[in-house]
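Colleague:
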Amino acid sequence: MIETHHLSKFYSRGLYALRDLSLTVRKGEFVFLTGPSGAGKSTFLRLLLIQERQSEGEIFVNGSNLSKLSRREIQEYRRGIGFVFQDFKLIPTRTVLENISFVPQVLGVPPSQQRRRAFQVLKWVGLQHRMNAYPLDLSGGEQQRVAIARALVSDPVLLLADEPTGNLDPDLSLEIMNLLREVNAGGTTVVVATHDRELIRLVGRRTVTLDGGRVVELA
Amino acid sequence: MRMLDYALREGWASLWRGRGSSAFAIVAIALAIIVLGSLLLVTWNIERLLARWTSAAEFSVYLQDEATSEQRGAIEALIDDSRVADGREYVSKADALTRFRREFTELASLATGFEDNPFPASVEVRIRPDADNDGRADALVRRVATLPGVADVRYDREWLARIASGLAVVRGTGLALALLMALAAAVTVASVVRLGLQARRDEIEIMQLVGSPIAFIRGPFVAEGVLQGGVGASIALGLLWLGFAAVRAGWGVDLGALLDGDSMQFLPARFCASLVAGGMTVGGVGGFAAARHAV
Numbered sequence: 001m002i003e004t005h006h007l008s009k010f011y012s013r014g015l016y017a018l019r020d021l022s023l024t025v026r027k028g029e030f031v032f033l034t035g036p037s038g039a040g041k042s043t044f045l046r047l048l049l050i051q052e053r054q055s056e057g058e059i060f061v062n063g064s065n066l067s068k069l070s071r072r073e074i075q076e077y078r079r080g081i082g083f084v085f086q087d088f089k090l091i092p093t094r095t096v097l098e099n100i101s102f103v104p105q106v107l108g109v110p111p112s113q114q115r116r117r118a119f120q121v122l123k124w125v126g127l128q129h130r131m132n133a134y135p136l137d138l139s140g141g142e143q144q145r146v147a148i149a150r151a152l153v154s155d156p157v158l159l160l161a162d163e164p165t166g167n168l169d170p171d172l173s174l175e176i177m178n179l180l181r182e183v184n185a186g187g188t189t190v191v192v193a194t195h196d197r198e199l200i201r202l203v204g205r206r207t208v209t210l211d212g213g214r215v216v217e218l219a
Numbered sequence: 220m221r222m223l224d225y226a227l228r229e230g231w232a233s234l235w236r237g238r239g240s241s242a243f244a245i246v247a248i249a250l251a252i253i254v255l256g257s258l259l260l261v262t263w264n265i266e267r268l269l270a271r272w273t274s275a276a277e278f279s280v281y282l283q284d285e286a287t288s289e290q291r292g293a294i295e296a297l298i299d300d301s302r303v304a305d306g307r308e309y310v311s312k313a314d315a316l317t318r319f320r321r322e323f324t325e326l327a328s329l330a331t332g333f334e335d336n337p338f339p340a341s342v343e344v345r346i347r348p349d350a351d352n353d354g355r356a357d358a359l360v361r362r363v364a365t366l367p368g369v370a371d372v373r374y375d376r377e378w379l380a381r382i383a384s385g386l387a388v389v390r391g392t393g394l395a396l397a398l399l400m401a402l403a404a405a406v407t408v409a410s411v412v413r414l415g416l417q418a419r420r421d422e423i424e425i426m427q428l429v430g431s432p433i434a435f436i437r438g439p440f441v442a443e444g445v446l447q448g449g450v451g452a453s454i455a456l457g458l459l460w461l462g463f464a465a466v467r468a469g470w471g472v473d474l475g476a477l478l479d480g481d482s483m484q485f486l487p488a489r490f491c492a493s494l495v496a497g498g499m500t501v502g503g504v505g506g507f508a509a510a511r512h513a514v
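Sequences listed follow chains A and B, in order.
Just so you know, we're using the working numbering here: the first sequence kicks off at 1 and counts up by one.
Just so you know, we're using the working numbering here: the second sequence kicks off at 220 and counts up by one.
Shown next as structure tokens:
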């Protein structure tokens with residue numbers, strides 16, 4: 001699913017965010033990326049989302065070399081990827097259901113299907129009763145569940161989560177991780193960046209530890 | 220179609236949300252359209268008048284008092300054979316005097332002191348419009364002027380040409396001013412749309428991350444500019460019409476006399492549609508520039 005070969009990302013004055021990273025994530029796998037702040041976890045996810053370009057090396061996702069994609073191909077590629085961020089990135093002026101149906105709407109899905117599909121995933125994360133609420137009326141855990149529902153609404157083959165439990169207490173964090181495990185059980189490849197070692201231990205999945213942009217441990 | 224629907228709905232919502240700042244863009248576009256519209260209104264009415272004068276063109280061949288009937292016959296034969304004339308009328312010396320007394324009643328006493336009738340006989344020739352345009356009328360006038368028995372030929376087209384070229388200068392200057400104002404309006408629209416764009420940064424980021432087509436991302440901002448342009452141009456046309464109605468109510472009779480008995484008319488529908496389309500284009504260009512700069 002994901003293959004990187006000698007992947008590096010550096011900024012000016014030789015500051016490396018990632019250094020010579022070679023990694024394989026198989027289709028349907030659930031992988032944790034962990035390490036201290038500045039280890040390169042978020043940079044790796046940003047490279048996978050093509051929010052940034054690598055300085056050296058190559059990334060392949062489903063056989064596509066990400067550095068060779070045109071603008072239009074990047075749009076196509078991103079339609080197969082779901083993302084979840086620590087700060088949820090929900091639109092405060094739209095209701096929960098509108099936040100989710102926003103994705104199919106801007107992908108040109110027919111209106112009748114937009115709300116039906118949005119309601120399905122909202123039900124799946126257990127928040128159908130909050131569909132008319134606004135994000136700021138929800139708890140942190142609920143907001144993150146909405147963000148997960150939004151990530152799933154276009155049936156992604158790959159789900160990327162950057163510190164999805166960073167703003168949540170331990171119980172809610174485990175709840176969100178269980179939700180991500182369910183997503184993975186449905187066949188979606190999941191890559192989660194987190195520095196929460198305890199959570200990783202509780203979930204018990206393959207873990208890649210980064211430090212200073214390098215892989216320091218594979219477990 | 221879905222993209223268009225989405226762009227228009229979001230564009231309108233954004234315009235309404237930022238109606239305070241949108242007002243600036245709408246006013247800027249309205250001002251540009253008012254300048255252009257006023258210019259069109261004035262020049263169009265003058266052009267109508269010129270066209271009428273041109274289509275009613277005629278020249279007068281003044282005969283010498285001693286011109287013989289054969290000479291007059293030769294002159295009329297040349298005019299008839301030229302295929303330039305739409306018709307002709309012989310005005311005798313007596314007819315000319317009568318006409319003077321009828322048309323210039325205050326000056327009629329001037330014509331009573333003469334022993335002889337001072338007015339020359341003439342042949343008035345109505346020219347076919349196509350002949351006036353292609354120069355055949357000029358050629359005929361030159362030929363008639365050389366015939367025996369002809370005292371003078373009057374074919375005063377120069378002043379019409381001078382008005383037409385003056386009108387072209389006015390139109391060119393006004394157009395340049397309107398273009399400059401349209402450019403300023405486009406820049407204002409771009410600034411206003413950019414404000415809305417900043418307010419929707421999060422949405423745009425999500426749209427980019429989910430792989431939304433670029434047309435979906437930029438569309439609402441272009442639509443917002445187009446809508447601002449449409450609203451601005453419609454307001455401008457409304458104000459222009461009100462101004463026109465006020466002028467017509469206040470000075471309609473005087474202007475009618477100035478327009479040779481014709482009434483002043485508002486811009487035809489095709490001009491109005493073009494002005495609205497122009498306003499929308501200016502707005503759309505501003506919106507597109509803002510969206511392209513940011514996304």
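We put the CB at the ideal spot given by N, CA and C, even for glycine.
#1: When the cut-off is 8 angstroms and only beta carbons count, does E98 (chain A) lie next to chain B?
#2: Assuming Q128 (chain A) contacts L122 (chain A) (C-beta within less than 8 angstroms), just tell me the rounded distance between them.
#3: I want to see whether chain B comes within less than 8 angstroms of F83 (chain A), judged by CB atoms only; does it?
#4: Could you work out which residues of chain B lie near E52 (chain A), taking near to mean beta carbons separated by less than 9 angstroms?
#5: R78 (chain A) touches chain B at which residues, Cβ-Cβ below 7 angstroms?
#6: Apart from the five residues on each side of it in sequence, which residues of its chain come closer than 7 angstroms, Cβ to Cβ, to E175 (chain A)?
#7: Would you tell me roughly how many angstroms separate the C-alpha atoms of S241 (chain B) and L456 (chain B), rounded to the nearest one?
#8: If you draw a straight line from the C-alpha of R489 (chain B) to the C-alpha of L458 (chain B), how long is it?
#9: Classify D349 (chain B) as buried or exposed, calling it buried when 16 or more other Cβ atoms lie within 10 Å of its own Cβ.
#10: Whether or not the region 414 to 422 of chain B and the region 280 to 291 of chain B are in contact is what I'm after, with contact meaning three or more pairs of Cβ atoms, one per stretch, closer than 8 angstroms; do they touch?
#11: Would DSSP call A133 (chain A) helix, strand or coil?
#12: Output needed in chain order: residues of the region 435 to 453 of chain B with a Cβ under 9 angstroms from some Cβ in chain A.
#13: Spell out the partners DSSP gives L345 (chain B) in its beta bridges.
#14: Any C-beta of chain E sitting closer than 8 angstroms to the C-beta of I59 (chain A)?
#15: S8 (chain A) lies in the alpha helix (DSSP H); which residues open and close that run?
#16: For D305 (chain B), tell me which candidate among B:L329, B:A276, B:A509 has the shortest Cα-Cα distance.
#17: Evaluate P110 (chain A) with the Cβ neighbour count: other Cβ atoms within 10 Å of its Cβ, from every protein chain shown; 16 or more gives buried, anything less gives exposed.
#18: Are the C-beta of K41 (chain A) and some C-beta of chain B separated by less than 8 angstroms?
#19: Chain B partners of I91 (chain A), CB-CB under 8 angstroms?
#20: For P135 (chain A), which residues from the same chain have a beta carbon less than 6 angstroms from its beta carbon, with the 5 sequence-adjacent residues on both sides left out?
#21: Classify Y374 (chain B) as helix, strand or coil using the three-state DSSP reduction.
#22: Between R413 (chain B) and A496 (chain B), is the Cβ-Cβ spacing less than 8 angstroms?
#23: Considering F32 (chain A), what are the terminal residues of the beta strand (DSSP E) in which it resides?
#24: Once you ignore the five residues that flank L474 (chain B) on each side, which residues in its own chain have a CB closer than 7 angstroms to its CB?
#25: If you compare alpha carbons, which of A:L7, A:Q51, A:H5 is closest to M426 (chain B)?
#26: Taking L158 (chain A) and M1 (chain A) to be in contact with their CB atoms under 8 angstroms, please state how far apart those CB atoms are, rounded to whole angstroms.
#27: With respect to the alpha helix (DSSP H) encompassing G292 (chain B), which residues constitute its N-terminal and C-terminal limits?
#28: State the start and end residues of the unbroken beta strand (DSSP E) segment that holds R303 (chain A).
#29: Using three-state DSSP, classify R79 (chain A) as helix, strand or coil.
#30: Tell whether a beta-carbon distance below 8 angstroms holds between L210 (chain A) and G35 (chain A).
#31: Please classify S257 (chain B): does DSSP put it in a helix, a strand, or coil?
#32: So that I know if they touch, is there some Cβ in chain B lying closer than 8 angstroms to that of Q113 (chain A)?
#33: Between R267 (chain B) and chain A, is the shortest Cβ-Cβ distance under 8 angstroms, so that the two count as touching?
#34: Does chain A have any CB closer than 8 angstroms to the CB of R221 (chain B)?
#35: Among the residues of its own chain, which have a CB less than 6 angstroms from the CB of L168 (chain A), if the five just before and after it don't count?
#36: Pair every Cβ in the region 437 to 445 of chain B with every Cβ in the region 500 to 507 of chain B, then say whether three or more of these pairs are closer than 8 angstroms.
Modeller: Once the coordinates are examined:
#1: Along the first sequence, read from residue 1 onward, the residue named residue 98 (chain A) stands at position 98. Cβ-Cβ to chain B under 8 angstroms: no for E98 (chain A).
#2: Position 128 of the first sequence holds residue 128 (chain A). Position 122 of the first sequence holds residue 122 (chain A). Yes, Q128 (chain A) and L122 (chain A) are in contact; Cβ-Cβ is about 5 angstroms, under 8 angstroms.
#3: To locate residue 83 (chain A), count along the first sequence from 1; it is residue 83. So yes, F83 (chain A) belongs to the interface.
#4: Within the first sequence, the letter at position 52 stands for residue 52 (chain A). Those do not exist, as E52 (chain A) stays about 13 angstroms from chain B at its closest Cβ, beyond 9 angstroms.
#5: Position 78 of the first sequence holds residue 78 (chain A). Within 7 angstroms Cβ-Cβ: L428, V429, G430.
#6: For the purposes of this step, residue 175 (chain A) is taken as the residue at position 175 of the first sequence. Excluding sequence positions up to five before and after E175 (chain A), its CB lies within less than 7 angstroms of the CB of G141, all in the same chain and listed in chain order.
#7: One-based indexing of the second sequence puts residue 241 (chain B) at position 22. One-based indexing of the second sequence puts residue 456 (chain B) at position 237. S241 (chain B) and L456 (chain B): Cα-Cα distance of roughly 18 angstroms.
#8: Looking up residue 489 (chain B) in the second sequence gives position 270. Looking up residue 458 (chain B) in the second sequence gives position 239. Going from the Cα of R489 (chain B) to the Cα of L458 (chain B) covers about 18 angstroms.
#9: Translated into positions along the second sequence, residue 349 (chain B) becomes position 130. So D349 (chain B) counts as exposed.
#10: Contact fails: fewer than three Cβ-Cβ distances are below 8 angstroms.
#11: Position 133 of the first sequence, counted from the start, is the residue given in the question as residue 133 (chain A). Coil.
#12: Residues passing the 9 angstroms Cβ filter: F435, I436.
#13: Your numbering for residue 345 (chain B) matches position 126 in the second sequence. Sequence check: residue 345 (chain B) is Arg here, not Leu. Beta-bridge pairing links R345 (chain B) to B:E277, B:G306.
#14: Any reference to chain E falls outside this structure, whose protein chains are A and B.
#15: The residue given as residue 8 (chain A) occupies position 8 in the first sequence. Boundaries around S8 (chain A) are those of the beta strand (DSSP E), 2 to 11, since no alpha helix (DSSP H) includes it.
#16: Translated into positions along the second sequence, residue 305 (chain B) becomes position 86. Minimum Cα distance to D305 (chain B) is reached at B:A276.
#17: Position 110 of the first sequence, counted from the start, is the residue given in the question as residue 110 (chain A). Label assigned to P110 (chain A): exposed.
#18: Taking the first residue of the first sequence as position 1, residue 41 (chain A) is located at position 41. No - not a single Cβ of chain B is within 8 angstroms of the one on K41 (chain A).
#19: Here the question's residue 91 (chain A) lines up with position 91 in the first sequence. D421, E422, I425, listed in chain order.
#20: The residue given as residue 135 (chain A) occupies position 135 in the first sequence. Cβ within range, chain order: L90, P92, Q143.
#21: As a position in the second sequence, residue 374 (chain B) is number 155, starting the count at 1. Coil at Y374 (chain B), not helix or strand.
#22: Here the question's residue 413 (chain B) lines up with position 194 in the second sequence. Here the question's residue 496 (chain B) lines up with position 277 in the second sequence. Result no, Cβ atoms of R413 (chain B) and A496 (chain B) do not sit closer than 8 angstroms.
#23: Translated into positions along the first sequence, residue 32 (chain A) becomes position 32. It spans 30 to 34 - the beta strand (DSSP E) in which F32 (chain A) sits, taken as one unbroken run.
#24: Position 255 of the second sequence holds residue 474 (chain B). Closer than 7 angstroms at the Cβ level, and outside the excluded window around L474 (chain B), lie M483.
#25: The residue given as residue 426 (chain B) occupies position 207 in the second sequence. Comparing alpha carbon positions, the residue from A:L7, A:Q51, A:H5 closest to M426 (chain B) is A:Q51.
#26: Mapped onto the first sequence, residue 158 (chain A) falls at position 158. Mapped onto the first sequence, residue 1 (chain A) falls at position 1. In this structure, L158 (chain A) and M1 (chain A) form a Cβ contact; the two beta carbons are roughly 7 angstroms apart against a cut-off of 8 angstroms.
#27: Counted from its first residue, the second sequence places residue 292 (chain B) at position 73. Unbroken alpha helix (DSSP H) run through G292 (chain B): 288 to 300.
#28: Since the first residue of chain A shown is 1 and the last is 219, residue 303 (chain A) is not available in this structure.
#29: Taking the first residue of the first sequence as position 1, residue 79 (chain A) is located at position 79. In the structure shown, the three-state DSSP call for R79 (chain A) is coil.
#30: Within the first sequence, numbered from 1, the residue matching residue 210 (chain A) stands at position 210. Within the first sequence, numbered from 1, the residue matching residue 35 (chain A) stands at position 35. Their beta carbons are under 8 angstroms apart, which means L210 (chain A) touches G35 (chain A) by this criterion.
#31: Your numbering for residue 257 (chain B) matches position 38 in the second sequence. Helix.
#32: Reading the first sequence from its first residue, position 113 is the one you call residue 113 (chain A). By this cut-off, Q113 (chain A) is not an interface position.
#33: Sequence index remark: in the second sequence, residue 267 (chain B) carries index 48 (1-based). No, R267 (chain B) does not count as interfacial toward chain A.
#34: In the second sequence, residue 221 (chain B) corresponds to position 2, counting from 1. The beta carbon of R221 (chain B) sits closer than 8 angstroms to some beta carbon of chain A.
#35: Within the first sequence, the letter at position 168 stands for residue 168 (chain A). G140, G141, listed in sequence order.
#36: Touching, yes, given that three or more Cβ pairs across the two stretches are closer than 8 angstroms.
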